[in-house]
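Here the protein sequences come in this chain order: C and R.
According to the UniProt record's numbering, the stretch in the first sequence is residues 1 to 164, in order.
According to the UniProt record's numbering, the stretch in the second sequence is residues 1 to 164, in order.
Even for Gly, the Cβ is constructed at its ideal location relative to N, Cα and C.
Nothing here was measured: the structure is a model prediction, and the numbers come from that model.
This report concerns only the one structure given below.
There are 2 protein chains.
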Amino acid sequence: MTTTTTQQDLFVSTGLHTWNQAITRATAFFDACTDEELEKTISPGKNRVVYLLGHLTAVHDRMLPLLGLGDRLYPHLDALFVTTPDNPAATLPSYRDLRNSWMTINQHLTDALKSWTPEEWLQKHTAVSDEDYAKEPHRNRFSVVINRAGHVQYHLGQLVLFKK
Amino acid sequence: MTTTTTQQDLFVSTGLHTWNQAITRATAFFDACTDEELEKTISPGKNRVVYLLGHLTAVHDRMLPLLGLGDRLYPHLDALFVTTPDNPAATLPSYRDLRNSWMTINQHLTDALKSWTPEEWLQKHTAVSDEDYAKEPHRNRFSVVINRAGHVQYHLGQLVLFKK
Numbered sequence: 001m002t003t004t005t006t007q008q009d010l011f012v013s014t015g016l017h018t019w020n021q022a023i024t025r026a027t028a029f030f031d032a033c034t035d036e037e038l039e040k041t042i043s044p045g046k047n048r049v050v051y052l053l054g055h056l057t058a059v060h061d062r063m064l065p066l067l068g069l070g071d072r073l074y075p076h077l078d079a080l081f082v083t084t085p086d087n088p089a090a091t092l093p094s095y096r097d098l099r100n101s102w103m104t105i106n107q108h109l110t111d112a113l114k115s116w117t118p119e120e121w122l123q124k125h126t127a128v129s130d131e132d133y134a135k136e137p138h139r140n141r142f143s144v145v146i147n148r149a150g151h152v153q154y155h156l157g158q159l160v161l162f163k164k
Numbered sequence: 001m002t003t004t005t006t007q008q009d010l011f012v013s014t015g016l017h018t019w020n021q022a023i024t025r026a027t028a029f030f031d032a033c034t035d036e037e038l039e040k041t042i043s044p045g046k047n048r049v050v051y052l053l054g055h056l057t058a059v060h061d062r063m064l065p066l067l068g069l070g071d072r073l074y075p076h077l078d079a080l081f082v083t084t085p086d087n088p089a090a091t092l093p094s095y096r097d098l099r100n101s102w103m104t105i106n107q108h109l110t111d112a113l114k115s116w117t118p119e120e121w122l123q124k125h126t127a128v129s130d131e132d133y134a135k136e137p138h139r140n141r142f143s144v145v146i147n148r149a150g151h152v153q154y155h156l157g158q159l160v161l162f163k164k
């Protein structure tokens, strides 16, 4: 570690590693679930596995505008998986479509993350004003990505209860 | 953001913020639990809340030698909360002692984290050899802290199932 640039790259690579690890673990979990298992609840009276698949997909889709990466791919998922609790009577997209959306949004995000310079990682996210960012410069893209990896971990802790 | 040093400080402050947020949320959860609630399981047949309190405390205690911060404070917790699954027949420390240990170890760690320069955050953790660190420089203290914050999130996702 001889240059400052290298040090910044190390912080960035830790952020990317944290994100990749969370996505890899969650994807392995969902891939190991049959469609029948997606319909099970993680615990009696709690969310179904498919709700958490849709929820994580929708939350990651919301990262596109938040990180300044363009328009959302799946805005229709919010009404089913973010703004309302799990409702077994609701008509969901096909499980195949949901699984594909999960893969697509994560690949899309990961490709963008891998292309960023340290400076780009530290740009403010779009939900914070220039004024607030000047006062709270930790409200940046790096922070968003670490936070969302933690959100995946949070729900993974719940998902494994169903499998164990 | 005018200097490179400032940029490094931003990565560091995100790491510290992530750690603090996880500790604050978990502490608020445990503080809101009565001793009777600590004995409840998070879900039928799964870990008791007190097991997760002891588990998180022990795992954080293990961070002391891993981060080069000296000897452990509570090595006796491992046999109860890390190397064996939850056993309601085991004799545990008093809940008061466990709650105090959780507060003490986190304060101890947080004080150290707050004192580190960016260079100190990027030092290798002690479980990686010099040779491996040369090849995999992301195996550093920053990575350990982010990882353990994610571990707290993972178990928080489970703990809230009991409260909801």
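Closer than 9 Å between beta carbons: that is the criterion. Which residues of the region 108 to 137 of chain C meet it against chain R?
Pro118, Glu119, Trp121, Leu122 and Pro137
Closer than 7 Å by beta-carbon distance: list the chain R residues that pair up with C/Ile146, in chain order.
Thr14, Thr18 and Ile146
Any C-beta of chain C under 8 Å from that of R/Lys46:
yes
Beta-carbon within less than 8 Å of R/Val152's beta-carbon, same chain only, minus the 5 sequence neighbours each way: which residues are those?
Ala22, Ile23, Arg25, Ala26 and Leu56
For R/Phe142, which residues in chain C fall below 7 Å Cβ to Cβ?
Phe11 and Thr14
8 Å is my cut-off, CB to CB: does R/Ser94 come that close to chain C?
no
Under a three-way DSSP split, which group does residue 242 of chain R fall into?
This structure leaves residue 242 of chain R out entirely; chain R is present only between 1 and 164.
Give the single residue among C/Met63, C/Thr91, C/Ser129 and C/Leu52 whose Cα lies nearest to the Cα of C/Leu113.
C/Met63
Where C/Tyr154 meets chain R, residues with beta-carbon distance less than 8 Å:
Gln153, Tyr154, Leu156 and Gly157
Take R/Tyr74 as the anchor and find which of R/Asn87, R/Lys46, R/Asp86 and R/Arg99 has the nearest alpha-carbon.
R/Arg99
If we count the other Cβ atoms within 10 Å of its Cβ and call it buried at 16 or more, is R/Thr2 buried or exposed?
Here the model assigns R/Thr2 a pLDDT of 44, short of 50, so the residue's position is not dependable and the matter cannot be decided.
Member of C/Phe11, C/Tyr95 and C/Asp71 whose CA lies at the smallest distance from the CA of C/Asp31
C/Tyr95
Report yes if the C-beta distance between C/Leu67 and C/His125 is below 8 Å; otherwise report no.
yes
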